Amino acid sequence: MNNATATAPGLLTLAVNKLFESPLVLFFGGCALSILHHLYSFYLLLVEYVSKLHSALRFVEKLRTDNLEFSDSLREKLLNLKQIPNHLVLILGPEAPSYRDIAKLITWCIPAGISHVSIYDHKNTLDRWQLFETFSCTSKQNLHKIKWGKSFDEEIKIFSKKRINGFSWTPAVTVHCLELKDGLRQTIENVKALHADNIHEVTLPELSQMMSRSLGAPDPQLAIICGSSFTFYGCCPWNMRVTQMIMLKSHVNLTATRFVSILHQYSFSEQRYGK
18 MNNATATAPG LLTLAVNKLF ESPLVLFFGG CALSILHHLY SFYLLLVEYV
68 SKLHSALRFV EKLRTDNLEF SDSLREKLLN LKQIPNHLVL ILGPEAPSYR
118 DIAKLITWCI PAGISHVSIY DHKNTLDRWQ LFETFSCTSK QNLHKIKWGK
168 SFDEEIKIFS KKRINGFSWT PAVTVHCLEL KDGLRQTIEN VKALHADNIH
218 EVTLPELSQM MSRSLGAPDP QLAIICGSSF TFYGCCPWNM RVTQMIMLKS
268 HVNLTATRFV SILHQYSFSE QRYGK
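Using this note's numbering, the first residue of the sequence shown is number 18, and each one after it goes up by one.
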């Protein structure tokens, strides 16, 4: 009786071992492990996908909130700047115009206190009507704060004033579009004016004033150059003698944070011209 009782656990263990060694159990066990492995792999993939989706949504939200409005922290940084350029020129370089991003840049110049912003395209592909329409769509609430410079058609200026219903026209920023031929045109116009007035001598400051008047804006203090080439691409050479250049990889998807950092870089730089 005692021997039978003692051998029972041994027989049970043997039976269990035989059961797990059977081909049927091994097959289903392998299938179960394989399914668990694939489920775990799918879980890890799902976690990674959700994480990337969350990051993408945060990035899109950042672009949306960083699109036109300055955050309180950016406004505070603006207040701490030692100097702000009166005239900023965006030199597109090899890039095609991104009208939405240019419209954002113009909008940001309003709270930044920049009075003149010029867009220079040496390839002459910038469509002034498209720029105006894009700005009207993306920043209509700021349309009454914009003056379209003499490089824009009179029709654009008329349409602009018609679209500021409910606001009085109080321009804070004048927008200019510049081309490669503008530098030569300025020189020719001023030479003709000197000849017409029978002026044979002119001082350098007087000539500078004439060139600035023909540009319709003060000489640019800051040039943001898109691309990798450290050059003005022929942008108004007479007016760019003391302009500070800051390189920007691309104006596409430019954020308010990056824009303020460029102004910060300009503000705390030392102007060495004339020293």
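All C-beta atoms in this analysis are idealised placements derived from N, C-alpha and C, irrespective of residue type, glycine included.
This one's a predicted model, so the numbers in the text were calculated from it and none came from an experiment.
Exercise. What did DSSP end up calling Leu239 once you bin it into helix, strand or coil?
Worked result: For the purposes of this step, residue 239 is identified with residue 222 of the sequence shown, where counting begins at 1. DSSP places Leu239 in strand when its eight states are reduced to three.
For this session: Assign Lys167 to one of three DSSP states: helix, strand, or coil.
Result: Residue 167 sits at position 150 when you count from the first residue of the sequence shown. In the three-state DSSP reduction, Lys167 falls in the coil class, being neither helix nor strand.
Exercise. In chain order, which continuous runs of the alpha helix (DSSP H) of length 4 or greater are located wholly inside the stretch 107 to 159?
Worked result: For the stretch 107 to 159, the continuous alpha helix (DSSP H) assignments of 4+ residues that do not extend past its boundaries occur at 116 to 129 and 145 to 155, in sequence order.
Exercise. Would you call Thr142 buried or exposed, if buried means 16 or more other Cβ atoms sit within 10 Å of its Cβ?
Worked result: Here residue 142 is taken as the residue at index 125 of the sequence shown, counted from 1. Exposed, by the Cβ-count rule.
For this session: Measure the Cβ-Cβ separation of Tyr283 and Pro102 and say whether it is below 8 angstroms.
Result: Within the sequence shown, the letter at position 266 stands for residue 283. Within the sequence shown, the letter at position 85 stands for residue 102. Contact flag set, yes.
For this session: Report all residues from its chain with a CB closer than 8 angstroms to the CB of Ser286; omit the five preceding and five following residues, and keep chain order.
Result: The sequence position of residue 286 within the sequence shown is 269, counting from 1. Around Ser286: Gln261.
Exercise. In angstroms, rounded to a whole number, what distance separates the CA positions of Leu280 and His71?
Worked result: As a first step, residue 280 must be located in the sequence shown, where it is residue number 263. As a first step, residue 71 must be located in the sequence shown, where it is residue number 54. Cα to Cα, the separation comes out at about 31 angstroms.
Exercise. Can you tell me whether Phe1 is buried or exposed, with buried defined as 16 or more other CB within 10 angstroms of its CB?
Worked result: Only positions 18 to 292 of the chain appear in the structure, and residue 1 is not among them; the question remains open.
Exercise. Which residues in the same chain as Ser168 place their Cβ atom closer than 6 angstroms to its Cβ, once the five residues preceding and following it in sequence are excluded?
Worked result: As a first step, residue 168 is located in the sequence shown; it is residue number 151 there, counting from the start. Cβ neighbours of Ser168 beyond the five flanking positions: His193 and Cys194.
For this session: Taking Asp236 and His139 to be in contact with their CB atoms under 8 angstroms, please state how far apart those CB atoms are, rounded to whole angstroms.
Result: The count along the sequence shown starts at 1 and reaches residue 236 at position 219. The count along the sequence shown starts at 1 and reaches residue 139 at position 122. In this structure Asp236 is not in contact with His139, their Cβ atoms being roughly 18 angstroms apart against a cut-off of 8 angstroms.
Exercise. Across which residues does DSSP place Val192 in a beta bridge pair?
Worked result: Your numbering for residue 192 matches position 175 in the sequence shown. Paired residues: Val134 and Trp165.
For this session: Please look up how many angstroms separate the CB atoms of Glu112 and Cys243, rounded, as I've assumed it's under 8 angstroms.
Result: Working through the sequence shown from its first residue, we reach residue 112 at position 95. Working through the sequence shown from its first residue, we reach residue 243 at position 226. That pair is a contact at about 5 angstroms.
Exercise. Do you know how far the Cα of Ser177 is from the Cα of Leu95?
Worked result: Taking the sequence shown and counting its residues from 1, the one referred to as residue 95 is at position 78. Taking the sequence shown and counting its residues from 1, the one referred to as residue 177 is at position 160. Taking C-alpha positions only, Leu95 is separated from Ser177 by approximately 28 angstroms.
Problem set entry | For Ala49 and Tyr57, the rounded distance between their alpha carbons | Here the question's residue 57 lines up with position 40 in the sequence shown. Here the question's residue 49 lines up with position 32 in the sequence shown. Here the C-alpha atom of Tyr57 lies approximately 12 angstroms from the C-alpha atom of Ala49.
Exercise. Out of Ile241, Tyr250, Thr274 and Ala273, which has the shortest C-alpha to C-alpha gap to Met264?
Worked result: As a first step, residue 264 must be located in the sequence shown, where it is residue number 247. Per the Cα distances, Ile241.
For this session: Have a look at the DSSP bridge pairing and note the partners of Met262.
Result: By one-based count along the sequence shown, residue 262 stands at place 245. Per DSSP, the beta-bridge partners of Met262 are Ala240.
Exercise. Is it the case that the Cβ atoms of His161 and Ile131 are separated by a distance below 8 angstroms?
Worked result: Numbered from its first residue, the sequence shown carries residue 161 at position 144. Numbered from its first residue, the sequence shown carries residue 131 at position 114. Contact flag unset, no.
Exercise. If you compare alpha carbons, which of Tyr250, Leu107, Lys99 and Cys126 is closest to Val190?
Worked result: Numbered from its first residue, the sequence shown carries residue 190 at position 173. Checking every option, the nearest Cα to that of Val190 belongs to Cys126.
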